[in-house]
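Trainee: Shown below is the structure under consideration.
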Amino acid sequence: MVVSVTWPQVLAWRLKRQFVDPAAGPDALSVVRRLAGVQAQVASSAALAVAVRRAAPRPREVDTALWTDRTLVKTWRVRGTLHLVPSDELSFHTAVLGSFRGWDRASWQRGHGVTAAEVAAILDAVPKALEGRALTREELVEAVIEVTGDAHLRQALTSGWGALLKPLSFLGELCYGPPREGRVTFVSPRDWVPDLPGTPPSADEGGRHLVRAFLGAHGPGTPETFDTWLYRGAARKAALRGWFRDLTPELAEVEVEGGPMVVLAEHLDDLAATGPATGVHLLPGFDQYILGAPRDLEPLLPRQTRAKVSRAAGWISPVVIHRGRVAGVWEAKNGRITFDLMEDVPSTALAEEAERVTWLLR
(Lines of atoms letter the chains of each structure in order from A and count residues from 1; the text may use other names and numbers.)
(Lines give C-alpha, C1' and ligand atoms only; values in the text may rest on other atoms or scores of the structure.)
Protein backbone atom coordinates (compact mmCIF):
# COMPACT_ATOMS: atom_id res chain seq x y z
CA MET A 1 0.00 0.00 0.00
CA VAL A 2 1.30 3.45 -0.95
CA VAL A 3 1.60 5.84 2.01
CA SER A 4 -0.28 9.14 1.68
CA VAL A 5 1.00 12.35 3.27
CA THR A 6 0.05 16.01 3.15
CA TRP A 7 2.12 19.00 2.05
CA PRO A 8 2.22 20.40 5.60
CA GLN A 9 3.78 17.09 6.67
CA VAL A 10 6.30 17.20 3.81
CA LEU A 11 7.32 20.78 4.57
CA ALA A 12 7.71 20.03 8.27
CA TRP A 13 9.81 16.98 7.43
CA ARG A 14 12.03 19.05 5.12
CA LEU A 15 12.54 21.64 7.86
CA LYS A 16 13.64 18.86 10.18
CA ARG A 17 15.87 17.16 7.62
CA GLN A 18 17.47 20.48 6.70
CA PHE A 19 18.40 21.28 10.32
CA VAL A 20 16.01 24.23 10.48
CA ASP A 21 13.51 22.87 13.01
CA PRO A 22 15.28 22.20 15.26
CA ALA A 23 18.57 23.98 14.50
CA ALA A 24 20.62 20.85 15.06
CA GLY A 25 23.42 20.87 12.49
CA PRO A 26 26.59 19.59 14.21
CA ASP A 27 29.03 21.59 12.05
CA ALA A 28 29.30 23.46 8.76
CA LEU A 29 30.32 20.39 6.78
CA SER A 30 27.37 18.37 8.06
CA VAL A 31 24.93 21.15 7.18
CA VAL A 32 26.27 21.56 3.64
CA ARG A 33 26.27 17.79 3.13
CA ARG A 34 22.69 17.42 4.35
CA LEU A 35 21.48 20.24 2.09
CA ALA A 36 23.17 18.73 -0.98
CA GLY A 37 25.16 21.97 -1.29
CA VAL A 38 24.62 25.59 -0.29
CA GLN A 39 24.33 28.31 -2.92
CA ALA A 40 27.16 30.79 -2.48
CA GLN A 41 26.60 33.55 -5.04
CA VAL A 42 26.36 35.81 -1.97
CA ALA A 43 28.94 34.66 0.57
CA SER A 44 27.15 36.24 3.54
CA SER A 45 23.92 34.41 2.67
CA ALA A 46 25.76 31.09 2.47
CA ALA A 47 27.38 31.67 5.87
CA LEU A 48 24.01 32.58 7.40
CA ALA A 49 22.34 29.54 5.81
CA VAL A 50 24.81 27.40 7.76
CA ALA A 51 24.66 29.45 10.98
CA VAL A 52 20.84 29.41 11.32
CA ARG A 53 20.99 25.62 11.20
CA ARG A 54 23.54 25.32 13.99
CA ALA A 55 22.66 25.17 17.68
CA ALA A 56 26.08 26.63 18.53
CA PRO A 57 27.50 28.37 15.45
CA ARG A 58 31.09 29.56 15.42
CA PRO A 59 32.40 32.76 13.82
CA ARG A 60 33.84 32.33 10.31
CA GLU A 61 33.05 28.64 10.40
CA VAL A 62 32.50 28.41 6.65
CA ASP A 63 35.76 30.23 5.89
CA THR A 64 37.64 27.82 8.14
CA ALA A 65 36.09 24.82 6.38
CA LEU A 66 36.94 26.32 2.97
CA TRP A 67 40.44 27.71 3.38
CA THR A 68 41.95 25.92 6.41
CA ASP A 69 40.37 22.48 6.77
CA ARG A 70 39.44 22.24 3.05
CA THR A 71 36.44 20.09 3.93
CA LEU A 72 34.29 22.38 1.75
CA VAL A 73 34.87 23.56 -1.81
CA LYS A 74 33.44 26.64 -3.50
CA THR A 75 32.79 26.31 -7.21
CA TRP A 76 30.06 26.29 -9.88
CA ARG A 77 27.73 23.34 -9.42
CA VAL A 78 23.98 22.71 -9.77
CA ARG A 79 22.06 25.14 -12.00
CA GLY A 80 25.40 26.67 -13.00
CA THR A 81 25.57 28.72 -9.79
CA LEU A 82 28.30 29.06 -7.19
CA HIS A 83 27.88 26.52 -4.41
CA LEU A 84 29.59 25.18 -1.34
CA VAL A 85 29.89 21.39 -1.56
CA PRO A 86 31.69 18.82 0.60
CA SER A 87 35.18 18.20 -0.76
CA ASP A 88 34.66 14.45 -0.67
CA GLU A 89 31.53 14.76 -2.85
CA LEU A 90 33.00 17.10 -5.48
CA SER A 91 33.83 14.26 -7.88
CA PHE A 92 30.19 13.10 -7.96
CA HIS A 93 29.03 16.57 -8.99
CA THR A 94 31.78 16.81 -11.59
CA ALA A 95 30.91 13.42 -13.06
CA VAL A 96 27.35 14.56 -13.73
CA LEU A 97 27.82 18.20 -14.74
CA GLY A 98 30.92 17.44 -16.81
CA SER A 99 28.83 15.06 -18.92
CA PHE A 100 26.45 17.82 -20.09
CA ARG A 101 29.04 19.58 -22.30
CA GLY A 102 26.75 22.40 -23.37
CA TRP A 103 29.82 24.41 -24.34
CA ASP A 104 30.37 22.06 -27.30
CA ARG A 105 27.22 23.35 -28.98
CA ALA A 106 27.63 25.96 -31.71
CA SER A 107 24.71 27.93 -30.24
CA TRP A 108 26.52 28.21 -26.87
CA GLN A 109 29.72 29.34 -28.56
CA ARG A 110 27.92 31.95 -30.65
CA GLY A 111 26.05 33.20 -27.60
CA HIS A 112 29.31 33.71 -25.70
CA GLY A 113 31.32 35.10 -28.59
CA VAL A 114 33.91 32.33 -28.82
CA THR A 115 34.87 29.74 -31.42
CA ALA A 116 35.14 26.01 -30.90
CA ALA A 117 38.91 26.28 -31.30
CA GLU A 118 39.14 29.00 -28.64
CA VAL A 119 37.07 26.96 -26.19
CA ALA A 120 39.27 23.90 -26.76
CA ALA A 121 42.46 25.93 -26.34
CA ILE A 122 41.28 27.50 -23.08
CA LEU A 123 40.00 24.23 -21.62
CA ASP A 124 43.37 22.66 -22.39
CA ALA A 125 45.48 25.56 -21.11
CA VAL A 126 43.81 26.41 -17.79
CA PRO A 127 44.73 23.15 -15.98
CA LYS A 128 48.35 23.65 -17.05
CA ALA A 129 48.28 27.29 -15.95
CA LEU A 130 46.84 26.46 -12.52
CA GLU A 131 49.11 23.52 -11.74
CA GLY A 132 50.59 24.02 -8.29
CA ARG A 133 49.47 27.63 -7.81
CA ALA A 134 46.56 29.95 -7.01
CA LEU A 135 45.89 32.70 -9.54
CA THR A 136 43.62 35.71 -9.63
CA ARG A 137 41.36 36.16 -12.63
CA GLU A 138 43.80 38.56 -14.26
CA GLU A 139 46.80 36.33 -13.54
CA LEU A 140 44.99 33.34 -15.02
CA VAL A 141 44.35 35.21 -18.27
CA GLU A 142 48.04 36.01 -18.58
CA ALA A 143 49.04 32.45 -17.68
CA VAL A 144 46.75 30.98 -20.35
CA ILE A 145 48.29 33.26 -22.97
CA GLU A 146 51.75 32.21 -21.79
CA VAL A 147 50.84 28.51 -22.03
CA THR A 148 49.26 28.79 -25.48
CA GLY A 149 51.47 31.49 -26.93
CA ASP A 150 48.30 32.96 -28.44
CA ALA A 151 47.74 36.58 -27.44
CA HIS A 152 44.55 36.57 -29.52
CA LEU A 153 42.91 34.53 -26.74
CA ARG A 154 42.97 37.61 -24.52
CA GLN A 155 39.83 38.91 -26.22
CA ALA A 156 37.94 35.64 -25.70
CA LEU A 157 39.11 35.40 -22.10
CA THR A 158 38.21 38.95 -21.13
CA SER A 159 34.86 39.09 -22.94
CA GLY A 160 33.41 35.65 -22.28
CA TRP A 161 35.62 34.63 -19.37
CA GLY A 162 32.91 34.42 -16.73
CA ALA A 163 30.95 31.94 -18.82
CA LEU A 164 34.07 29.88 -19.55
CA LEU A 165 34.79 29.39 -15.86
CA LYS A 166 31.71 27.18 -15.51
CA PRO A 167 32.77 24.50 -18.04
CA LEU A 168 36.17 24.35 -16.36
CA SER A 169 34.46 23.92 -13.01
CA PHE A 170 32.08 21.26 -14.36
CA LEU A 171 35.05 19.34 -15.75
CA GLY A 172 36.78 19.42 -12.35
CA GLU A 173 39.61 21.65 -13.55
CA LEU A 174 38.94 24.75 -11.45
CA CYS A 175 37.58 25.82 -8.08
CA TYR A 176 37.93 28.84 -5.81
CA GLY A 177 41.16 29.23 -3.90
CA PRO A 178 41.85 31.31 -0.77
CA PRO A 179 41.22 35.06 -1.22
CA ARG A 180 44.31 37.17 -1.67
CA GLU A 181 44.09 40.76 -0.44
CA GLY A 182 40.35 40.72 -0.97
CA ARG A 183 40.59 39.27 -4.48
CA VAL A 184 39.25 35.92 -5.69
CA THR A 185 41.76 33.26 -6.69
CA PHE A 186 41.36 29.99 -8.55
CA VAL A 187 43.13 26.69 -8.01
CA SER A 188 43.13 23.21 -9.48
CA PRO A 189 40.98 20.77 -7.47
CA ARG A 190 43.71 18.17 -7.99
CA ASP A 191 46.05 20.37 -5.96
CA TRP A 192 43.52 21.78 -3.52
CA VAL A 193 41.02 19.05 -2.61
CA PRO A 194 42.25 16.43 -0.13
CA ASP A 195 42.01 12.80 -1.27
CA LEU A 196 40.41 13.51 -4.64
CA PRO A 197 39.82 10.04 -6.16
CA GLY A 198 42.34 9.05 -8.82
CA THR A 199 39.61 7.32 -10.79
CA PRO A 200 36.55 9.57 -10.93
CA PRO A 201 33.06 8.08 -10.68
CA SER A 202 31.01 7.61 -13.81
CA ALA A 203 28.17 9.98 -14.70
CA ASP A 204 25.68 7.30 -13.63
CA GLU A 205 27.40 6.83 -10.26
CA GLY A 206 27.37 10.60 -9.79
CA GLY A 207 23.74 10.84 -10.82
CA ARG A 208 22.63 8.22 -8.32
CA HIS A 209 24.62 9.96 -5.57
CA LEU A 210 22.98 13.30 -6.30
CA VAL A 211 19.49 11.78 -6.44
CA ARG A 212 20.03 10.30 -2.98
CA ALA A 213 21.32 13.62 -1.65
CA PHE A 214 18.43 15.55 -3.19
CA LEU A 215 15.75 13.22 -1.83
CA GLY A 216 17.39 13.21 1.60
CA ALA A 217 16.98 16.98 1.89
CA HIS A 218 14.22 17.96 -0.53
CA GLY A 219 12.13 14.81 -0.84
CA PRO A 220 9.71 13.45 -1.63
CA GLY A 221 10.38 14.23 -5.27
CA THR A 222 10.15 13.12 -8.88
CA PRO A 223 12.64 12.93 -11.74
CA GLU A 224 11.23 16.26 -12.90
CA THR A 225 11.74 18.09 -9.61
CA PHE A 226 15.25 16.67 -9.35
CA ASP A 227 16.00 17.72 -12.94
CA THR A 228 14.87 21.28 -12.24
CA TRP A 229 17.05 21.47 -9.14
CA LEU A 230 20.04 19.93 -10.90
CA TYR A 231 20.23 22.07 -14.02
CA ARG A 232 16.85 23.62 -14.80
CA GLY A 233 15.68 20.60 -16.78
CA ALA A 234 18.82 20.19 -18.92
CA ALA A 235 19.77 16.64 -17.92
CA ARG A 236 19.43 13.93 -20.55
CA LYS A 237 16.06 12.36 -19.84
CA ALA A 238 17.22 8.81 -20.54
CA ALA A 239 20.05 9.18 -18.02
CA LEU A 240 17.71 10.75 -15.49
CA ARG A 241 15.21 7.91 -15.75
CA GLY A 242 18.07 5.44 -15.46
CA TRP A 243 19.31 6.95 -12.20
CA PHE A 244 15.88 6.67 -10.60
CA ARG A 245 15.33 3.20 -12.06
CA ASP A 246 18.67 1.97 -10.67
CA LEU A 247 17.71 3.30 -7.24
CA THR A 248 14.33 1.54 -7.19
CA PRO A 249 15.36 -0.87 -4.37
CA GLU A 250 16.24 2.15 -2.20
CA LEU A 251 13.08 4.15 -2.91
CA ALA A 252 9.53 4.09 -1.60
CA GLU A 253 6.47 5.47 -3.35
CA VAL A 254 4.34 8.06 -1.58
CA GLU A 255 1.34 10.15 -2.52
CA VAL A 256 1.50 13.80 -1.57
CA GLU A 257 -2.10 14.98 -1.63
CA GLY A 258 -2.74 12.65 -4.57
CA GLY A 259 0.50 13.34 -6.46
CA PRO A 260 2.83 10.34 -6.91
CA MET A 261 6.40 10.88 -5.68
CA VAL A 262 9.28 8.90 -4.22
CA VAL A 263 11.34 9.19 -1.06
CA LEU A 264 14.28 7.21 0.24
CA ALA A 265 12.77 4.12 1.84
CA GLU A 266 14.79 4.66 5.00
CA HIS A 267 12.95 7.97 5.52
CA LEU A 268 9.39 6.80 4.83
CA ASP A 269 8.35 6.02 8.40
CA ASP A 270 9.75 9.29 9.73
CA LEU A 271 7.98 11.27 7.01
CA ALA A 272 4.67 9.53 7.68
CA ALA A 273 4.98 10.18 11.43
CA THR A 274 5.81 13.89 11.05
CA GLY A 275 3.11 16.38 12.00
CA PRO A 276 2.68 19.86 10.54
CA ALA A 277 5.21 22.50 11.58
CA THR A 278 4.19 25.30 13.93
CA GLY A 279 7.34 27.37 14.39
CA VAL A 280 8.66 30.62 12.94
CA HIS A 281 12.01 30.73 11.16
CA LEU A 282 14.03 33.37 9.33
CA LEU A 283 16.04 32.00 6.42
CA PRO A 284 18.55 33.99 4.37
CA GLY A 285 18.45 34.87 0.70
CA PHE A 286 19.10 31.99 -1.71
CA ASP A 287 18.25 29.44 0.95
CA GLN A 288 18.09 25.77 0.00
CA TYR A 289 14.68 25.36 1.59
CA ILE A 290 13.36 27.57 -1.22
CA LEU A 291 15.78 26.62 -4.00
CA GLY A 292 15.23 22.89 -3.57
CA ALA A 293 11.51 23.15 -4.33
CA PRO A 294 9.65 24.08 -7.53
CA ARG A 295 8.90 27.82 -7.74
CA ASP A 296 5.20 27.08 -8.31
CA LEU A 297 4.80 24.92 -5.20
CA GLU A 298 1.78 26.72 -3.75
CA PRO A 299 1.85 25.04 -0.31
CA LEU A 300 5.38 26.44 0.20
CA LEU A 301 5.30 29.67 -1.78
CA PRO A 302 1.80 31.16 -2.09
CA ARG A 303 1.14 32.91 -5.38
CA GLN A 304 0.80 36.33 -3.77
CA THR A 305 4.30 36.11 -2.27
CA ARG A 306 6.25 34.88 -5.31
CA ALA A 307 7.12 38.29 -6.73
CA LYS A 308 8.56 39.35 -3.38
CA VAL A 309 10.64 36.17 -3.02
CA SER A 310 11.81 35.50 -6.57
CA ARG A 311 12.96 38.88 -7.84
CA ALA A 312 14.68 40.32 -10.89
CA ALA A 313 18.05 38.93 -12.05
CA GLY A 314 17.50 35.67 -10.16
CA TRP A 315 17.58 37.28 -6.71
CA ILE A 316 15.93 35.16 -3.98
CA SER A 317 14.91 37.19 -0.93
CA PRO A 318 15.35 36.23 2.73
CA VAL A 319 12.09 34.65 3.88
CA VAL A 320 9.92 34.33 6.96
CA ILE A 321 8.72 30.74 7.37
CA HIS A 322 5.64 30.00 9.46
CA ARG A 323 4.05 26.56 9.60
CA GLY A 324 6.46 25.46 6.89
CA ARG A 325 5.37 28.01 4.29
CA VAL A 326 6.61 31.43 3.24
CA ALA A 327 4.68 34.04 5.22
CA GLY A 328 6.76 37.06 4.18
CA VAL A 329 10.23 38.41 3.50
CA TRP A 330 12.74 40.27 5.66
CA GLU A 331 15.86 42.39 5.41
CA ALA A 332 18.52 43.66 7.77
CA LYS A 333 19.45 47.35 7.78
CA ASN A 334 21.69 49.09 10.26
CA GLY A 335 21.64 46.12 12.60
CA ARG A 336 17.85 45.90 12.63
CA ILE A 337 15.56 43.39 10.91
CA THR A 338 12.41 44.62 9.21
CA PHE A 339 9.59 42.52 7.79
CA ASP A 340 7.15 42.54 4.91
CA LEU A 341 4.56 39.98 5.99
CA MET A 342 1.80 38.57 3.81
CA GLU A 343 0.23 36.48 6.58
CA ASP A 344 -0.27 36.75 10.32
CA VAL A 345 2.77 35.45 12.22
CA PRO A 346 2.93 35.05 16.02
CA SER A 347 4.64 38.22 17.22
CA THR A 348 6.52 36.71 20.16
CA ALA A 349 7.99 33.86 18.12
CA LEU A 350 8.90 36.29 15.32
CA ALA A 351 10.67 38.64 17.74
CA GLU A 352 12.63 35.78 19.31
CA GLU A 353 13.76 34.51 15.91
CA ALA A 354 14.68 38.04 14.82
CA GLU A 355 16.81 38.44 17.94
CA ARG A 356 18.62 35.17 17.22
CA VAL A 357 19.32 36.04 13.58
CA THR A 358 20.38 39.60 14.46
CA TRP A 359 22.99 38.09 16.77
CA LEU A 360 24.17 35.75 13.98
CA LEU A 361 24.56 38.70 11.60
CA ARG A 362 27.04 40.50 13.87
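According to the working numbering, the sequence shown is numbered sequentially starting from 5.
Glycine included, C-beta positions come from ideal geometry on N, C-alpha and C.
For clarity, every value in this text was computed on a predicted model and none was experimentally measured.
DSSP three-state call for residue 84: helix, strand or coil?
Mentor: Correct three-state label for residue 84: helix.
Trainee: By Cβ distance below 7 Å, which residues in the same chain neighbour residue 41 in space, the five residues on each side in sequence not counted?
Mentor: Excluding positions up to five away in sequence, the list reads 81, 82, 87, 88, 89.
Trainee: For residue 227, I'd like the list of residues in its chain whose CB is within less than 7 Å of its CB, leaving aside the five on either flank, ordered along the chain.
Mentor: For residue 227, where only same-chain residues beyond five positions count, the Cβ hits under 7 Å are 244, 245, 248.
Trainee: Exposed or buried, which one is residue 264 when buried takes at least 16 other CB atoms within 10 Å?
Mentor: The residue is exposed, with fewer than 16 neighbouring Cβ atoms inside 10 Å.
Trainee: Is the separation between the beta-carbon of residue 447 and that of residue 32 shorter than 8 Å?
Mentor: Not covered by the structure: residue 447. The range shown for the chain is 5 to 366.
Trainee: Note down the Cα distance separating residue 165 from residue 134, rounded to an integer number of angstroms.
Mentor: When rounded, the distance between both Cα atoms is 15 Å.
Trainee: Which same chain residues, not among the five before or five after residue 354, have their C-beta less than 6 Å away from its C-beta?
Mentor: Taken in chain order, the residues that qualify are 284.
Trainee: Pop quiz: residue 59 and residue 28 are said to be a contact at Cβ under 8 Å. What is the actual Cβ separation, rounded to whole angstroms?
Mentor: Residue 59 to residue 28, Cβ: 6 Å. Contact.
Trainee: Would you give the residue range spanned by the beta strand (DSSP E) that residue 182 belongs to?
Mentor: Its beta strand (DSSP E) spans residues 179-184.
Trainee: Apply the 10 Å Cβ neighbour rule to residue 177 and answer buried if 16 or more other Cβ atoms are within range, or exposed otherwise.
Mentor: Residue 177 comes out buried.
Trainee: Determine, using beta carbons only, whether residue 13 and residue 38 come nearer to each other than 8 Å.
Mentor: In this structure, residue 38 does not lie closer than 8 Å to residue 13 by Cβ.
Trainee: Does the count of Cβ pairs from the segment 253-260 and the segment 281-297 closer than 8 Å reach three?
Mentor: Cβ pair count under 8 Å is below three, so no.
Trainee: Tell me where the alpha helix (DSSP H) around residue 294 begins and ends.
Mentor: 292-295 is the span of the alpha helix (DSSP H), which, as asked, contains residue 294.
Trainee: Looking only at C-alpha atoms, which of 286, 363, 306 sits nearest to residue 334?
Mentor: Closest by alpha carbon: 286.
Trainee: For residue 22, which beta-bridge partners are listed by DSSP?
Mentor: For residue 22, which the question treats as bridged, DSSP gives no partner whatsoever.
Trainee: Terminal residues of the continuous beta strand (DSSP E) containing residue 334?
Mentor: Unbroken beta strand (DSSP E) run through residue 334: 329-337.
Trainee: Closer than 8 Å by C-beta to residue 315: which residues in its own chain qualify, once you throw out the five before and the five after it? Chain order, please.
Mentor: Excluding positions up to five away in sequence, the list reads 321.
Trainee: Could you check what DSSP says for residue 159 in three-state terms: helix, strand or coil?
Mentor: Three-state result, residue 159: helix.
Trainee: Reducing DSSP to helix, strand and coil, say where residue 259 ends up.
Mentor: Strand at residue 259.
Trainee: Taking only three categories from DSSP, how would you classify residue 116?
Mentor: In the structure shown, residue 116 sits in coil (DSSP, three-state: anything other than H, G, I, E or B).
Trainee: Can you say whether residue 288 is buried or exposed, counting buried as having 16 or more other CB atoms within 10 angstroms of its CB?
Mentor: With 16 or more Cβ atoms within 10 Å of its Cβ, residue 288 is classed as buried.
Trainee: Whole angstroms are fine: how far does the CA of residue 222 sit from the CA of residue 18?
Mentor: C-alpha separation (whole angstroms): 6 Å.
Trainee: On the CB-based measure, 16 or more other CB atoms within 10 Å of its CB, does residue 117 come out buried or exposed?
Mentor: Residue 117 should be labelled exposed.
Trainee: Please report the distance separating the alpha-carbon of residue 52 from that of residue 98.
Mentor: Cα-Cα distance, rounded: 26 Å.
Trainee: Where residue 2 and residue 149 are concerned, what is the direct C-alpha to C-alpha distance, given to the nearest angstrom?
Mentor: No answer is possible for residue 2: it lies beyond the span of the chain, which begins at 5 and ends at 366.
Trainee: For residue 365, which residues in the same chain have their Cβ closer than 6 Å to its Cβ, ignoring the five residues on either side in sequence?
Mentor: Here the set comprises 336.
Trainee: Assuming contact is defined by CB atoms lying nearer than 8 Å, are residue 20 and residue 84 in contact in what I supplied?
Mentor: Not a contact, by the Cβ cut-off of 8 Å.
Trainee: Quick check on the DSSP output: what are the complete alpha helix (DSSP H) runs of length 4 or more inside the segment 205-255, in order along the chain?
Mentor: As far as the segment 205-255 is concerned, its whole alpha helix (DSSP H) runs of at least 4 residues are 207-222, 227-235, 241-250.
Trainee: Measure how close the beta-carbons of residue 95 and residue 204 come, nearest whole angstrom, since I'm counting them as under 8 Å.
Mentor: Contact flag correct, Cβ pair sits at about 5 Å.
Trainee: Between residue 219 and residue 268, how many whole angstroms is the CB-CB distance? I'm expecting something under 8 Å.
Mentor: The pair is a contact, with the Cβ atoms about 5 Å apart (cut-off 8 Å).
Trainee: Which same chain residues, not among the five before or five after residue 75, have their C-beta less than 7 Å away from its C-beta?
Mentor: Answer for residue 75: 33, 69, 90, 91, listed in chain order.
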